[in-house]
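S.K.: Residue numbering for the sequence shown follows the UniProt record's numbering, beginning at 1 and increasing consecutively.
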Amino acid sequence: MLKVENLKVRYGMIEAIKGISFEVRDGEIVTLIGANGAGKTTTMHAISGLLKPASGSITMDGQDLVKMPSHKIVSLGLAQVPEGRRVFAQQTVEENLILGAYTRRDKAGIAKDQERVFDLFPRLKERRTQLAGTLSGGEQQMLAMGRALMAKPKLVLMDEPSMGLSPLLVKEIFHIIEDINKQGTTVLLVEQNARMALAIADRAYVLETGKITLEGTGEELAKDERVRKAYLGG
């Protein structure tokens with residue numbers, strides 16, 4: 001589905017991503033784990049068209065994403081849940097969801113997907129007329145995820161969905177990610193909570209200072225001594 005080959009991304013003279021290659025197959029949950037500054041978010045932004053790579057290729061279902069504008073990439077079936085949620089604070093929950101479907105014209109399908117989002121996130125349904133900026137952190141994360149799903153993506157990129165949430169809410173968010181995947185959406189997950197990410201991932205990659213240093217199944221990396229020491233507290 002998604003193939004990244006020899007990707008390099010620069011900020012001025014600094015090479016943030018140093019020639020990484022990985023893939024996400026249809027129906028998988030794939031996670032990128034790594035410390036702050038490893039290049040995880042930069043990689044996500046390059047895939048979704050928010051940053052232009054210095055070199056390398058990014059393809060989805062055989063289509064080149066590198067020269068494609070972001071809104072066209074969304075229309076292909078790729079959506080992103082950004083780090084820090086970035087909901088539209090002065091819009092209601094419902095308005096945020098409708099904005100997520102801005103590339104679509106199928107009114108019946110949009111209404112159906114909104115109900116699907118409300119089934120996944122009952123709290124959003126209760127707060128559908130509430131301003132997004134007045135929601136709790138966990139509710140804003142749910143809204144950011146729901147807004148991405150309104151684009152009807154085949155592949156959703158999730159950037160640090162558990163950031164700043166209580167342990168109880170973290171578990172809930174990860175259960176929902178699994179549900180989204182079981183309903184047919186492929187997931188590429190960037191996450192600092194390596195333990196939770198590896199527990200739900202089919203496959204995983206470790207990113208360190210712009211390079212992929214390890215890869216394997218989620219289970220394999222969770223048992224790897226190097227990963228345990230660096231990311232799982234020994």
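Ideal placement from N, C-alpha and C gives every residue a C-beta, glycine not left out. These numbers come from a predicted model, not from an experiment.
The alpha helix (DSSP H) spanning L97 covers which residue range?
M.R.: From DSSP, the alpha helix (DSSP H) with L97 extends over 93-100.
S.K.: Label P122 either buried or exposed according to how many other C-beta atoms from any shown protein chain fall within 10 Å of its C-beta, with 16 as the threshold for buried.
M.R.: The residue in question, P122, is exposed, as its Cβ has fewer than 16 Cβ neighbours within 10 Å.
S.K.: Can you tell me which residues form a DSSP beta bridge with A222?
M.R.: In the DSSP output, where bridge partners are listed per residue, A222 has none listed.
S.K.: Work out the CA separation of M44 and A54 for me, nearest whole Å.
M.R.: Near 15 Å, if we compare the C-alpha coordinates of M44 and A54.
S.K.: In this structure, does DSSP put G184 in helix, strand or coil?
M.R.: DSSP places G184 in coil when its eight states are reduced to three.
S.K.: At the level of alpha carbons, what is the spacing between I110 and Y102?
M.R.: Answer to the nearest angstrom: the Cα atoms are 10 Å apart.
S.K.: For K112, count neighbouring C-beta atoms within 10 Å of its own C-beta (all shown protein chains included) and say buried if the count is 16 or more, exposed if not.
M.R.: K112 is exposed by the Cβ-count criterion.
S.K.: Count the other CB atoms, across all protein chains shown, that sit within 10 Å of the CB of K40; report buried if there are 16 or more and exposed otherwise.
M.R.: The residue is buried, with at least 16 neighbouring Cβ atoms inside 10 Å.
S.K.: Among L32, Y11, E126, L2, which has the Cα closest to the Cα of K211?
M.R.: Ranking L32, Y11, E126, L2 by Cα distance to K211 puts L32 first.
S.K.: On the DSSP letters alone, give me the boundaries of the alpha helix (DSSP H) that G137 sits inside.
M.R.: Element bounds for G137: 137-149.
S.K.: Please report how far the alpha carbon of M196 lies from the alpha carbon of Q91, in whole angstroms.
M.R.: Roughly 32 Å between the two C-alpha positions.
S.K.: Taking DSSP's pairing of strands, which residues face L7 in a bridge?
M.R.: I20.
S.K.: Got a sec: does the ligand GTP put a non-hydrogen atom nearer than 8 Å to the Cβ of M145?
M.R.: The model depicted lacks the ligand GTP and carries no ligand whatsoever.
S.K.: For A35, report the span of its alpha helix (DSSP H) as first-last.
M.R.: Looking at the DSSP string, A35 is not in any alpha helix (DSSP H), and its letter there is neither H nor E.
S.K.: Taking 8 Å as the cut-off, does the segment 138-152 touch the segment 68-86 (at least 3 CB pairs, one atom from each stretch)?
M.R.: The answer is yes - the segment 138-152 touches the segment 68-86, with three or more Cβ pairs under 8 Å.
S.K.: Terminal residues of the continuous beta strand (DSSP E) containing E208?
M.R.: It spans 203-208 - the beta strand (DSSP E) in which E208 sits, taken as one unbroken run.
S.K.: Can you tell which of G37, I173, N193, M150 has the C-alpha that lies nearest to the C-alpha of R105?
M.R.: Ranking G37, I173, N193, M150 by Cα distance to R105 puts M150 first.
S.K.: Just checking, does the segment 188-204 make contact with the segment 217-232 on the three C-beta pairs under 8 Å criterion?
M.R.: Output reads yes: the segment 217-232 touches the segment 188-204.
S.K.: Terminal residues of the continuous beta strand (DSSP E) containing D159?
M.R.: 155-159 is the span of the beta strand (DSSP E), which, as asked, contains D159.
S.K.: When burial is assigned at 16 or more other CB atoms within 10 Å of the CB, is E191 buried or exposed?
M.R.: Flag for E191 reads buried.
S.K.: Taking the C-alpha atoms as reference points, what is the distance between R127 and I98?
M.R.: The alpha-carbon atoms of R127 and I98 are separated by roughly 15 Å.
S.K.: Just to confirm, is the Cβ distance from K72 to G49 under 9 Å?
M.R.: In contact: K72 and G49 (Cβ atoms closer than 9 Å).
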